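>
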Amino acid sequence: MFKWTIRIVTSLLVLIGIGLCVVWIVLHSSVTDYNGEGTLDGLEQEVDVYFDVHGIPHIEAKSKPDAYRALGYLHASERLFQMEMMRRVGSGRLAEILGPEFTKTDLLFRSIFYPELIRNEVKRFQLADSAMRVECQAYLEGVNAFIKEKPLQPEFLLLGIEPAEFTQEDFFYIAGYMAYSFGLAQRTDPLADDIYRSFGSEYLDDLALNHAESEPFNPTYERAKNLEEGLSSLSARAVDAIPMAKFEGSNSWVVSGRLTASGKPILCNDTHIGYGVPQVWYEAHLVCPGYEFYGNFLPGIPYALVGHNDAMAWGVTMLENDDMDFYLLNSSEEGYQYEEAKIPWNNKEFTIARKGAADTTVVVLYSHHGPVVTDFFPQLQGRDRCSFWWDYTRLPNNLFSAFYALNNTFTLSDAEQAASKIHGPGLNITYADTTGNIAWWACAKLQRRDPGINTKLLLDGSLKSSEPQGYLPFSENPKSVNPPWQFVYSANDQPGPINGEFYPGYYKPHHRADRIKEMILEDDEWTQEKMKAILTDVKSPVDSMVFHELLTLVEDESKLPESTDILNWNGDHRIDDIAPQFYYRWLYHILYLAMADEIGSENFNAFLTTHW
Numbered sequence: 010m011f012k013w014t015i016r017i018v019t020s021l022l023v024l025i026g027i028g029l030c031v032v033w034i035v036l037h038s039s040v041t042d043y044n045g046e047g048t049l050d051g052l053e054q055e056v057d058v059y060f061d062v063h064g065i066p067h068i069e070a071k072s073k074p075d076a077y078r079a080l081g082y083l084h085a086s087e088r089l090f091q092m093e094m095m096r097r098v099g100s101g102r103l104a105e106i107l108g109p110e111f112t113k114t115d116l117l118f119r120s121i122f123y124p125e126l127i128r129n130e131v132k133r134f135q136l137a138d139s140a141m142r143v144e145c146q147a148y149l150e151g152v153n154a155f156i157k158e159k160p161l162q163p164e165f166l167l168l169g170i171e172p173a174e175f176t177q178e179d180f181f182y183i184a185g186y187m188a189y190s191f192g193l194a195q196r197t198d199p200l201a202d203d204i205y206r207s208f209g210s211e212y213l214d215d216l217a218l219n220h221a222e223s224e225p226f227n228p229t230y231e232r233a234k235n236l237e238e239g240l241s242s243l244s245a246r247a248v249d250a251i252p253m254a255k256f257e258g259s260n261s262w263v264v265s266g267r268l269t270a271s272g273k274p275i276l277c278n279d280t281h282i283g284y285g286v287p288q289v290w291y292e293a294h295l296v297c298p299g300y301e302f303y304g305n306f307l308p309g310i311p312y313a314l315v316g317h318n319d320a321m322a323w324g325v326t327m328l329e330n331d332d333m334d335f336y337l338l339n340s341s342e343e344g345y346q347y348e349e350a351k352i353p354w355n356n357k358e359f360t361i362a363r364k365g366a367a368d369t370t371v372v373v374l375y376s377h378h379g380p381v382v383t384d385f386f387p388q389l390q391g392r393d394r395c396s397f398w399w400d401y402t403r404l405p406n407n408l409f410s411a412f413y414a415l416n417n418t419f420t421l422s423d424a425e426q427a428a429s430k431i432h433g434p435g436l437n438i439t440y441a442d443t444t445g446n447i448a449w450w451a452c453a454k455l456q457r458r459d460p461g462i463n464t465k466l467l468l469d470g471s472l473k474s475s476e477p478q479g480y481l482p483f484s485e486n487p488k489s490v491n492p493p494w495q496f497v498y499s500a501n502d503q504p505g506p507i508n509g510e511f512y513p514g515y516y517k518p519h520h521r522a523d524r525i526k527e528m529i530l531e532d533d534e535w536t537q538e539k540m541k542a543i544l545t546d547v548k549s550p551v552d553s554m555v556f557h558e559l560l561t562l563v564e565d566e567s568k569l570p571e572s573t574d575i576l577n578w579n580g581d582h583r584i585d586d587i588a589p590q591f592y593y594r595w596l597y598h599i600l601y602l603a604m605a606d607e608i609g610s611e612n613f614n615a616f617l618t619t620h621w
């Protein structure tokens with residue numbers, strides 16, 4: 010009996026050992042090779058790649074197509090599963106690998122980025138700048154060479170799938186997912202309308218949907234424009250199921266050479282993207298004859314969204330302009346009312362493949378505004394049909410041309426021309442160059458609207474007057490180019506007025522921008538090292554102010570914490586600070602007690618995901 014026990018234990022240990030060896034071999038075979046030599050089909054000449062101590066690749070090639078071919082190969086070698094997930098989100102193909110619980114998510118994205126739309130964008134793309142098309146094709150060749158040659162990465166083995174080759178269509182699916190994740194209207198508009206219909210406009214007044222005239226804003230400046238307006242403002246003080254890191258918030262600023270020790274501008278950018286493994290960004294440095302560029306790339310996209318060369322640099326934040334709308338339709342099974350006519354639906358049929366369940370085929374109704382999305386938003390259910398308008402999918406997509414141009418820009422005028430091509434998602438581009446120029450541009454196709462249209466609520470789909478009446482030329486967008494106060498910034502806050510009126514959007518409160526301005530004005534000899542103090546600043550004076558105002562309202566002081574570290578809080582959010590934990594729980598309960606009993610727990614939880 011004892012001998013049999015030993016034999017069984019020994020056999021189990023051998024099997025475990027073999028299993029561990031197999032796991033090690035599989036995992037090791039999928040790890041990116043950071044040493045030695047390899048082959049990459051399609052290369053015109055040899056390419057050298059050096060990985061620094063941070064794991065950032067420095068690609069040295071004899072031509073730009075070879076540099077992008079190598080970049081595509083590296084993106085796939087380190088981020089192929091991330092790229093696979095992003096294109097699946099954008100194309101509505103999650104359920105086929107993750108199961109039927111993603112059916113509704115897939116149907117939403119399939120409705121927005123339907124195949125005909127993507128095919129038309131690819132046709133336009135193929136007519137674009139020939140150098141851009143050559144570089145993008147080289148990038149795809151690099152990605153697909155890795156897919157063909159290398160063992161599958163563990164995530165693919167665990168899910169039992171093999172990645173198909175990447176195509177130009179995938180560029181638009183990945184970019185589309187990114188653009189949609191930047192939006193806030195889909196989180197706020199249905200909720201705001203539900204609150205408005207249930208409780209009236211007073212409830213919305215407290216949510217501050219629109220910019221108040223007395224609040225600070227991001228000042229604009231162009232030569233020969235009114236300077237007093239900008240200077241006065243300086244002195245005044247919503248997809249969650251998707252298993253991907255979220256694009257959320259951001260800030261950026263530039264100080265001119267007059268405020269730096271070196272006499273050259275300094276640009277800072279912090280894209281506040283949710284942490285994930287792997288991270289969203291992929292840093293890389295490309296060098297070839299006549300070209301050197303360092304940037305932060307989104308894997309699956311050939312061109313960096315943030316970057317610099319030896320002449321200029323740019324940063325990106327989210328503009329949060331209002332480019333999404335929901336239209337409530339007076340409809341029947343046959344069509345919907347529009348002005349005096351009954352318009353028939355434009356039906357599209359989608360089949361969703363689902364792991365562990367049968368495929369499902371769904372017919373989606375489309376009005377001329379866009380797809381009917383009533384079933385995707387809890388606040389819309391129980392209403393008549395509601396369709397979704399988004400400028401990003403309605404206007405020609407020049408996003409790739411814009412960032413191709415920025416990746417190849419050396420002057421202020423060229424950068425502004427590149428920025429003018431961005432139609433959506435709305436972005437703030439901050440800029441600096443070695444000749445001393447600094448700039449900020451609000452980049453988007455901004456809608457013209459009839460007066461009195463409240464785009465934060467559901468709009469009347471039967472009226473043409475509810476729709477945008479055109480778009481502003483880029484020359485009228487908010488901007489600040491070489492302002493006399495010597496710095497520009499963006500913190501997702503309200504841009505300065507256009508022709509005397511504030512452009513509506515989903516802007517974040519001005520407190521972050523105020524803190525940036527406050528710190529910049531504290532010095533006039535900024536260095537890179539000093540600038541880290543702003544990048545890593547964790548103080549919120551406004552939260553400290555609110556906290557101390559709340560303290561004055563407490564009638565029974567025995568209920569307050571005894572800790573002076575809490576009671577004397579100055580707004581710091583350092584890792585070992587206790588006061589913020591106390592404050593945010595307190596604030597949460599105030600909001601909960603004020604709202605949840607009326608709007609309900611589902612709406613309250615939705616409220617907590619918004620910039621409100």
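Quick note on the working numbering: the sequence shown kicks off at 10 and runs consecutively.
Backbone N, C-alpha and C fix where the C-beta goes; we use that ideal spot for every residue, glycine too.
Note that this is a predicted model, so its numbers are computed, not measured.
1) Skipping 5 residues on each side, what residues in its chain have a beta carbon closer than 8 Å to that of phenylalanine 208?
2) Mind checking which residues open and close the alpha helix (DSSP H) that includes isoleucine 575?
3) What number of angstroms, rounded off, separates the C-alpha of glycine 151 from the C-alpha of aspartate 319?
4) Pick helix, strand or coil for asparagine 330, following the three-state DSSP scheme.
5) Give me the Cα-Cα distance between isoleucine 507 and asparagine 437, rounded to the nearest whole angstrom.
6) Looking at C-beta atoms only, is the number of pairs between the stretch 66-79 and the stretch 330-342 that lie closer than 8 Å three or more?
7) What's the gap between the Cα of isoleucine 431 and the Cα of glycine 283?
8) List the DSSP bridge partners of glutamate 69.
9) Please report the straight-line C-alpha distance between tyrosine 123 and serine 100, rounded to a whole angstrom.
10) Is the CB-CB distance between serine 645 and phenylalanine 155 below 8 Å?
11) If we ignore side chains and look at the alpha-carbon of each, how far apart do isoleucine 65 and glycine 285 end up?
12) So, at 6 Å on beta carbons, what are the nonlocal neighbours of leucine 216 in its own chain, with the 5 sequence-adjacent residues on each side left out?
13) Answer with buried or exposed for alanine 173, where buried requires no fewer than 16 other C-beta atoms within 10 angstroms of its C-beta.
14) Let me confirm a value: tyrosine 498 is counted as buried when at least 16 other C-beta atoms fall within 10 Å, else exposed. Which label applies?
15) With distances taken from CA atoms, which of Tyr347, Glu301, Val490 is nearest valine 264?
16) Give me whichever residues DSSP pairs with serine 340 in a beta bridge.
17) In this structure, what does DSSP give as the bridge partners for cysteine 452?
18) List the whole-angstrom C-beta distance separating serine 2 from alanine 137, where the pair is believed to meet the contact cut-off of C-beta under 8 Å.
19) Tell me the DSSP secondary structure of leucine 530 in three-state form.
20) Taking the CB atoms as reference points, tell me whether arginine 128 and glutamine 135 lie closer together than 8 Å.
21) Report yes or no: do three or more beta-carbon pairs, one from the stretch 350-362 and one from the stretch 415-429, lie closer than 8 Å?
22) Can you tell me the Cβ-Cβ gap for glycine 316 and tyrosine 300, rounded? I've got them flagged as a contact below 8 Å.
23) Quick one: what's serine 489 bridged to in DSSP?
24) To which residues of the same chain is isoleucine 204 closer than 8 Å at the C-beta, ignoring the five residues directly before and after it?
25) Going by C-alpha to C-alpha distance, which of Val373, Arg403, Lys517, Arg133 sits closest to lysine 113?
26) Can you tell me whether glycine 272 is buried or exposed? The criterion is at least 16 other CB atoms within 10 Å of its CB, across all chains shown.
27) Starting from glutamate 211 and walking both ways along the alpha helix (DSSP H), at which residues does that stretch end?
28) Between which residues of its own chain and phenylalanine 60 is the CB-CB distance below 8 Å, once the five residues before and five after are set aside?
29) Is the number of C-beta pairs between the stretch 571-579 and the stretch 587-600 that are closer than 8 Å three or more?
30) Quick check: what's the CA-CA separation for arginine 583 versus aspartate 546?
31) For tryptophan 535 versus leucine 268, is the C-beta distance shorter than 8 Å?
32) So histidine 519 packs on phenylalanine 191, CB below 8 Å; how close in whole Å?
33) Between which residues of its own chain and leucine 467 is the CB-CB distance below 6 Å, once the five residues before and five after are set aside?
34) Assign serine 281 to one of three DSSP states: helix, strand, or coil.
35) Is arginine 403 near the ligand MN, in the sense that its beta carbon is under 7 Å from a heavy atom of that ligand?
36) Considering only the beta carbon of each residue, do serine 474 and aspartate 393 sit closer than 8 Å?
Put simply:
1) Your numbering for residue 208 matches position 199 in the sequence shown. Glu607, Ile608, listed in sequence order.
2) The residue labelled residue 575 in the question sits at position 566 within the sequence shown. Here the alpha helix (DSSP H) through isoleucine 575 covers 573-576.
3) In the sequence shown, counting from the first residue as 1, residue 151 sits at position 142. In the sequence shown, counting from the first residue as 1, residue 319 sits at position 310. Cα-Cα distance, rounded: 26 Å.
4) The count along the sequence shown starts at 1 and reaches residue 330 at position 321. If DSSP states are grouped into helix, strand and coil, asparagine 330 belongs with the strands.
5) Working through the sequence shown from its first residue, we reach residue 507 at position 498. Working through the sequence shown from its first residue, we reach residue 437 at position 428. Cα to Cα, the separation comes out at about 16 Å.
6) no
7) Mapped onto the sequence shown, residue 431 falls at position 422. Mapped onto the sequence shown, residue 283 falls at position 274. Each residue's alpha carbon lies about 24 Å from the other.
8) The count along the sequence shown starts at 1 and reaches residue 69 at position 60. Looking at the DSSP assignment, glutamate 69 forms a beta bridge with Asp57, Val296.
9) Locating residue 123 in the sequence shown gives position 114, counting from the first residue. Locating residue 100 in the sequence shown gives position 91, counting from the first residue. Straight-line Cα distance between these residues: approximately 8 Å.
10) In the structure as shown, the chain starts at 10 and stops at 621, and residue 645 therefore has no counterpart that could be examined.
11) Position 56 of the sequence shown, counted from the start, is the residue given in the question as residue 65. Position 276 of the sequence shown, counted from the start, is the residue given in the question as residue 285. Rounded to the nearest angstrom, the two C-alpha atoms are 18 Å apart.
12) Position 207 of the sequence shown, counting from 1, holds the residue named residue 216. Only Trp621 meet the Cβ criterion.
13) Within the sequence shown, the letter at position 164 stands for residue 173. That one is exposed.
14) What you label residue 498 is simply residue 489 of the sequence shown in a count that begins at 1. Its Cβ being crowded by 16 or more others within 10 Å, tyrosine 498 is buried.
15) If you number the sequence shown from 1, residue 264 lands on position 255. Valine 264 has its Cα closest to that of Val490, out of Tyr347, Glu301, Val490.
16) For the purposes of this step, residue 340 is taken as residue 331 along the sequence shown, with counting starting at 1. According to DSSP, serine 340 bridges with Tyr345.
17) Taking the sequence shown and counting its residues from 1, the one referred to as residue 452 is at position 443. Bridge partners of cysteine 452: Leu436.
18) This structure cannot speak to residue 2, because the chain is shown only from 10 to 621.
19) In the sequence shown, the residue the question calls residue 530 occupies position 521. Looking at leucine 530 - three-state DSSP - the assignment turns out to be coil, as it is neither helix nor strand.
20) Within the sequence shown, the letter at position 119 stands for residue 128. Within the sequence shown, the letter at position 126 stands for residue 135. For arginine 128 and glutamine 135, no; Cβs fall outside 8 Å.
21) no
22) Your numbering for residue 316 matches position 307 in the sequence shown. Your numbering for residue 300 matches position 291 in the sequence shown. Actually they do not touch by this definition, with Cβ atoms about 12 Å apart.
23) What you label residue 489 is simply residue 480 of the sequence shown in a count that begins at 1. According to DSSP, which records beta bridges pairwise, serine 489 is partnered with Tyr230, Trp449.
24) As a working note, residue 204 is residue 195 in the sequence shown. Cβ neighbours of isoleucine 204 beyond the five flanking positions: Tyr212, Leu213, Leu216, Ile608, Asn612.
25) Working through the sequence shown from its first residue, we reach residue 113 at position 104. Cα-wise, what sits closest to lysine 113 is Val373.
26) Translated into the one-based positions of the sequence shown, residue 272 becomes position 263. By the 10 Å Cβ count, glycine 272 comes out exposed.
27) Counted from its first residue, the sequence shown places residue 211 at position 202. Glutamate 211 -> alpha helix (DSSP H) spans 210-216.
28) For the purposes of this step, residue 60 is taken as the residue at position 51 of the sequence shown. So the qualifying residues of the chain are Tyr43, Pro66, His67.
29) yes
30) The count along the sequence shown starts at 1 and reaches residue 583 at position 574. The count along the sequence shown starts at 1 and reaches residue 546 at position 537. Going by the C-alpha atoms only, they are around 9 Å apart.
31) If you number the sequence shown from 1, residue 535 lands on position 526. If you number the sequence shown from 1, residue 268 lands on position 259. Yes. Within cutoff.
32) Indexing the sequence shown from 1 puts residue 519 at position 510. Indexing the sequence shown from 1 puts residue 191 at position 182. Not really, about 20 Å apart at Cβ, beyond 8 Å.
33) Your numbering for residue 467 matches position 458 in the sequence shown. Closer than 6 Å at Cβ, skipping near neighbours: Asp202, Phe335, Leu337.
34) Sequence index remark: in the sequence shown, residue 281 carries index 272 (1-based). According to the sequence provided, residue 281 is histidine. The question's serine does not apply to it. Reduced to three states, the DSSP call for histidine 281 is coil.
35) This structure does not include the ligand MN; it has no bound ligands of any sort.
36) For the purposes of this step, residue 474 is taken as residue 465 along the sequence shown, with counting starting at 1. For the purposes of this step, residue 393 is taken as residue 384 along the sequence shown, with counting starting at 1. No, the pair does not count as a contact, with Cβ atoms beyond the cut-off.
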